[in-house]
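Worksheet: the structure to be examined is printed underneath.
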Amino acid sequence: MASWRNPFIYRGLCVFLFVFFSFLAAVPGQQSVPLVKEIRIKNLGTGQVDDEFVLSHVSSKAGVPLDRLAISKDIKTILDTGFFSYVGAELEPVENEVVIIYVLRNKLKLASPIKVKGAEVFSESKIRKLMELNTGDPVDEQTLNTHSRKVKEKYTAHYYSDVRIKYDIETVNQTNGQANVTLTVDEGKRAKVKKVNFTGNKNVQPAELKKVMKQYSWWNPMRLFRKKRYDSGELKTAQMEIRNICLDKGLLDAVVEDPLITMDKKGNLIVTISMLEGSQYKLENIQLEGVSIFPEKELMAALSAKRGDIASKSVIEADMDALRSYYGDRGYMNTVVNPVLKPDKSKNVLDVVFSITEGELVKIRNVKIRGNTHTKDKVVRREIVVEPGDTYSAKKVKTSESRLKNLGFLGDVRNHPEDTSVHDIKDLVFDVTEKRSGQFMVGAGFSSVDNLMGFSEVSQGNFDIANWPTFTGGGQKVKLSAEAGAKRQQYDLSFIEPWFLDRQLSFGVDLYKSLRKYSDYNVRRKGVAFTLSKPLSPVDRVSLQYELEKVSRIKDTNVYVNIGTELPGAETFSFAEDEMLKSSLKLTVSHDT
Numbered sequence: 000m001a002s003w004r005n006p007f008i009y010r011g012l013c014v015f016l017f018v019f020f021s022f023l024a025a026v027p028g029q030q031s032v033p034l035v036k037e038i039r040i041k042n043l044g045t046g047q048v049d050d051e052f053v054l055s056h057v058s059s060k061a062g063v064p065l066d067r068l069a070i071s072k073d074i075k076t077i078l079d080t081g082f083f084s085y086v087g088a089e090l091e092p093v094e095n096e097v098v099i100i101y102v103l104r105n106k107l108k109l110a111s112p113i114k115v116k117g118a119e120v121f122s123e124s125k126i127r128k129l130m131e132l133n134t135g136d137p138v139d140e141q142t143l144n145t146h147s148r149k150v151k152e153k154y155t156a157h158y159y160s161d162v163r164i165k166y167d168i169e170t171v172n173q174t175n176g177q178a179n180v181t182l183t184v185d186e187g188k189r190a191k192v193k194k195v196n197f198t199g200n201k202n203v204q205p206a207e208l209k210k211v212m213k214q215y216s217w218w219n220p221m222r223l224f225r226k227k228r229y230d231s232g233e234l235k236t237a238q239m240e241i242r243n244i245c246l247d248k249g250l251l252d253a254v255v256e257d258p259l260i261t262m263d264k265k266g267n268l269i270v271t272i273s274m275l276e277g278s279q280y281k282l283e284n285i286q287l288e289g290v291s292i293f294p295e296k297e298l299m300a301a302l303s304a305k306r307g308d309i310a311s312k313s314v315i316e317a318d319m320d321a322l323r324s325y326y327g328d329r330g331y332m333n334t335v336v337n338p339v340l341k342p343d344k345s346k347n348v349l350d351v352v353f354s355i356t357e358g359e360l361v362k363i364r365n366v367k368i369r370g371n372t373h374t375k376d377k378v379v380r381r382e383i384v385v386e387p388g389d390t391y392s393a394k395k396v397k398t399s400e401s402r403l404k405n406l407g408f409l410g411d412v413r414n415h416p417e418d419t420s421v422h423d424i425k426d427l428v429f430d431v432t433e434k435r436s437g438q439f440m441v442g443a444g445f446s447s448v449d450n451l452m453g454f455s456e457v458s459q460g461n462f463d464i465a466n467w468p469t470f471t472g473g474g475q476k477v478k479l480s481a482e483a484g485a486k487r488q489q490y491d492l493s494f495i496e497p498w499f500l501d502r503q504l505s506f507g508v509d510l511y512k513s514l515r516k517y518s519d520y521n522v523r524r525k526g527v528a529f530t531l532s533k534p535l536s537p538v539d540r541v542s543l544q545y546e547l548e549k550v551s552r553i554k555d556t557n558v559y560v561n562i563g564t565e566l567p568g569a570e571t572f573s574f575a576e577d578e579m580l581k582s583s584l585k586l587t588v589s590h591d592t
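Numbered continuously in numbering that gives the first Met the number 0, the sequence shown closes out at residue 592.
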């Protein structure tokens with residue numbers, strides 16, 4: 000049996016006792032946490048405090064151990080209600096328990112609408128609206144300071160940069176905690192931009208910079224009466240546009256500094272925009288990377304950028320689009336093109352590598368149309384040149400979008416592919432939004448020739464003659480107009496079916512009737528015209544019109560007026576009427592880009 004006198008056992012025992020007693024010394028004695036006996040509310044401000052409202056925002060409860068962290072959270076929660084300008088907590092010990100006292104100073108409440116003094120630019124009601132404080136709302140200095148920021152921002156946006164706003168709180172009812180607030184506005188002078196200076200521009204012409212800044216030319220008389228004003232957002236946008244102009248001129252290292260705004264002695268603003276253009280770069284080598292489907296020579300032919308040209312940002316971006324379109328028009332809809340720019344500052348040249356991630360060949364399974372609640376599906380579908388089973392073509396899809404927008408009764412038109420169970424077969428979806436297609440106009444006018452005249456017009460751009468009673472959704476166009484005056488009358492009714500017999504053949508009918516009064520004769524016209532029109536290409540159209548018109552000319556042959564005395568040979572009323580029937584056939588070929 001080993002003896003405790005063994006040096007190893009003795010040393011181990013000493014170490015154990017040292018650690019044990021050290022651990023005991025390190026463990027603090029448990030202190031008892033008092034229970035919460037009661038929660039009270041103490042009001043330091045004017046008016047009354049709704050104790051139940053405050054207690055509903057308190058997590059501490061009577062009969063549970065005191066939790067100081069919960070009290071801190073309660074103070075923040077009560078402050079967040081916005082009804083109190085100060086919230087604190089006091090602990091009052093009672094034997095082995097404690098009473099929590101929440102000390103509050105409630106805000107005054109508006110007894111009447113805010114009074115505004117000194118405001119001339121904006122009305123009192125406008126400033127009240129910007130303050131967003133109504134009768135009964137709680138107010139204090141912090142609240143008024145926060146809400147008055149919108150008023151300052153409104154003045155600043157209208158170039159009253161020196162505006163000062165003061166407010167006065169007057170307690171009118173101590174018991175109910177009500178007060179009146181008076182807002183005093185010192186507007187100061189309105190600042191105008193007298194001049195815009197540009198420094199450092201050598202390759203960028205002043206006319207281009209003035210156009211960005213929307214400055215009037217020296218010969219424009221408006222510059223004498225209207226001074227251009229800018230807010231911070233407009234100046235930031237102008238700074239970015241100037242930077243883009245520099246990039247389009249090959250100034251890749253150009254720096255456009257933040258606009259410097261100073262004020263002259265008369266209070267007008269001087270805007271100075273400083274530029275560091277740097278060197279102008281030219282294109283050196285243009286390469287393609289990642290090409291495997293099409294011959295590289297064909298892709299290079301689609302690019303407009305050539306060696307020796309100015310390294311223009313817009314040209315490079317246009318070539319990106321050209322490469323994407325080349326692939327997209329041939330069915331590779333997911334092709335990604337990224338330009339990699341490699342500038343050589345020593346030679347001021349730029350190498351461009353178009354990195355191409357070729358997509359997969361995609362075919363269209365179905366063409367879906369969504370969003371047309373009133374317009375018939377076939378009216379939208381017949382304008383789409385992409386058909387089920389076709390290979391995806393970005394050009395045809397873009398053409399379809401344009402044709403749908405040109406209908407006139409569709410607002411936003413968007414397309415997107417929708418996945419199917421087969422990865423290289425997609426559904427093409429056209430999302431459309433309809434807009435109002437009917438119009439009603441009425442007006443009146445006066446001229447020295449026609450005297451007083453009035454007109455009215457009713458039209459429907461998405462008419463359907465067979466859809467009773469709404470008569471909408473068929474893509475037809477109908478217009479009824481009337482014009483009447485002392486010397487002229489005109490009535491017209493026109494109807495157009497853009498897809499006659501469900502073919503790309505437009506059929507139109509026009510009925511009209513008019514009366515024109517001249518000094519010694521009147522002319523009446525009645526007629527009907529039938530028009531057939533067919534597109535030959537996206538920009539060419541041929542039209543054939545047949546018109547039948549009846550023209551009546553009525554002339555007053557009486558040259559004397561018989562007033563009480565019978566004159567030999569005088570005729571009181573005598574008219575001569577000539578009629579003519581006109582039949583015409585007209586062929587028209589139009590080219591509209």
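Backbone N, C-alpha and C fix where the C-beta goes; we use that ideal spot for every residue, glycine too.
Predicted model, so just to flag it, every value in this text is computed and none were measured.
{"Asked": "Take glycine 87 and list the residues in its own chain whose beta-carbon comes closer than 6 Å to its own, dropping the five residues that flank it on each side.", "Found": "Val102"}
{"Asked": "Strictly under 7 Å for the Cβ-Cβ distance: is glutamine 488 near chain B by that measure?", "Found": "Annotation note: the requested chain B is absent from the structure, which comprises a single protein chain."}
{"Asked": "If I'm right that alanine 485 touches glycine 453 with Cβ under 8 Å, what's the distance once you round it to whole angstroms?", "Found": "Wrong, their Cβ atoms sit about 11 Å apart, outside the cutoff."}
{"Asked": "Where are the alpha helix (DSSP H) runs, 4 residues long or more, that stay fully inside the segment 371 to 443, in chain order?", "Found": "376 to 380, 393 to 404"}
{"Asked": "For the putative contact between methionine 274 and valine 290, defined by C-beta atoms under 8 Å, what is the C-beta separation to the nearest angstrom?", "Found": "At roughly 39 Å, the Cβ-Cβ gap does not stay under 8 Å, so methionine 274 and valine 290 are not in contact."}
{"Asked": "Do the segment 335 to 353 and the segment 367 to 379 make contact, defined as three or more Cβ pairs closer than 8 Å?", "Found": "no"}
{"Asked": "How about leucine 403 and glutamate 382: are their beta carbons less than 7 Å apart?", "Found": "yes"}
{"Asked": "For methionine 579 and lysine 210, what's the separation of their Cα atoms in angstroms?", "Found": "59 Å"}
{"Asked": "Taking the straight line between their C-alpha atoms, what separation do you get for aspartate 539 and threonine 530?", "Found": "16 Å"}
{"Asked": "Please classify serine 71: is it buried, with 16 or more other beta-carbons within 10 angstroms of its beta-carbon, or exposed?", "Found": "exposed"}
{"Asked": "Measuring straight from C-alpha to C-alpha, what distance separates aspartate 318 and glutamine 286?", "Found": "12 Å"}
{"Asked": "Thinking lysine 54 and isoleucine 38 are a contact (beta carbons under 8 Å), I'd like their distance in whole angstroms, please.", "Found": "Here residue 54 turns out to be leucine, not lysine, going by the sequence shown. Sure, about 7 Å apart at Cβ, within 8 Å."}
{"Asked": "Count Cβ pairs between the segment 89 to 100 and the segment 115 to 130 that sit closer than 8 Å; are there 3 or more?", "Found": "no"}
{"Asked": "Check whether the segment 189 to 203 and the segment 63 to 70 are in contact - that is, three or more C-beta pairs closer than 8 Å.", "Found": "no"}
{"Asked": "Helix, strand or coil for phenylalanine 52, going by three-state DSSP, please let me know.", "Found": "helix"}
{"Asked": "Name, in chain order, the residues that DSSP records as bridge partners for methionine 332.", "Found": "None, per the DSSP bridge assignment."}
{"Asked": "Using a 10 Å radius around the Cβ and a threshold of 16 neighbouring Cβ atoms, would you call alanine 25 buried or exposed?", "Found": "Low per-residue confidence applies at alanine 25: pLDDT is 45, beneath 50, and the placement is therefore not dependable, though the value from the model is reported in the following sentence. Exposed: under 16 other Cβ atoms inside 10 Å."}
{"Asked": "Quick one: what's tyrosine 85 bridged to in DSSP?", "Found": "Arg104"}
{"Asked": "Since glutamine 141 is in the alpha helix (DSSP H), which residue starts that stretch and which ends it?", "Found": "140 to 156"}
{"Asked": "Where do the N-terminal and C-terminal ends of the beta strand (DSSP E) with threonine 594 fall, by residue?", "Found": "Outside the modelled stretch of the chain, which goes from 0 to 592, sits residue 594, for which no answer is possible."}
{"Asked": "Helix, strand or coil for alanine 25 per DSSP?", "Found": "For alanine 25, the predicted structure reports a pLDDT of 45, less than 50, and the residue's modelled location is therefore unreliable. A value from the coordinates is still provided. Three-state result, alanine 25: helix."}
{"Asked": "Among Asp411, Arg413, Val428, which one has its Cα closest to the Cα of threonine 419?", "Found": "Val428"}
{"Asked": "Since methionine 262 is in the beta strand (DSSP E), which residue starts that stretch and which ends it?", "Found": "259 to 262"}
{"Asked": "Tell me the DSSP secondary structure of threonine 45 in three-state form.", "Found": "coil"}
{"Asked": "Looking at the unbroken beta strand (DSSP E) that takes in leucine 182, where does it start and where does it end?", "Found": "177 to 185"}
{"Asked": "Enumerate in chain order the residues of its own chain whose CB-to-CB distance from aspartate 252 is below 6 Å, with the five nearest sequence positions on each side excluded.", "Found": "Gly277"}
{"Asked": "Would you report the Cα separation of lysine 41 and glutamine 47, rounded to the nearest angstrom?", "Found": "10 Å"}
{"Asked": "Should serine 111 be labelled buried (16 or more other beta-carbon atoms within 10 Å of its own) or exposed?", "Found": "exposed"}
{"Asked": "Mapping DSSP to helix, strand and coil, what is proline 64?", "Found": "strand"}
{"Asked": "Using a Cβ-Cβ cutoff of less than 6 Å, which residues in the same chain neighbour glycine 407 once the five nearest sequence positions on both sides are dropped?", "Found": "Gly460"}
{"Asked": "So, helix, strand or coil for asparagine 561, using DSSP?", "Found": "Only weak support is given to the placement of asparagine 561: the predicted model assigns it a pLDDT of 47, under 50, and the value that follows is read from those uncertain coordinates. If DSSP states are grouped into helix, strand and coil, asparagine 561 belongs with coil."}
{"Asked": "What's the C-alpha gap between valine 396 and asparagine 414?", "Found": "8 Å"}
{"Asked": "Tell me the rounded alpha-carbon separation between aspartate 79 and arginine 104.", "Found": "14 Å"}
{"Asked": "Does the Cβ-Cβ distance between phenylalanine 439 and valine 457 come in under 7 Å?", "Found": "yes"}
{"Asked": "Do arginine 593 and valine 550 have their C-beta atoms closer together than 7 Å?", "Found": "A question about residue 593 goes unanswered here, because the residues of the chain that appear run from 0 up to 592."}
{"Asked": "Please return the same chain residues whose Cβ sits closer than 6 Å to the Cβ of isoleucine 168, not counting the five positions on each side in sequence.", "Found": "Ala178, Val180"}
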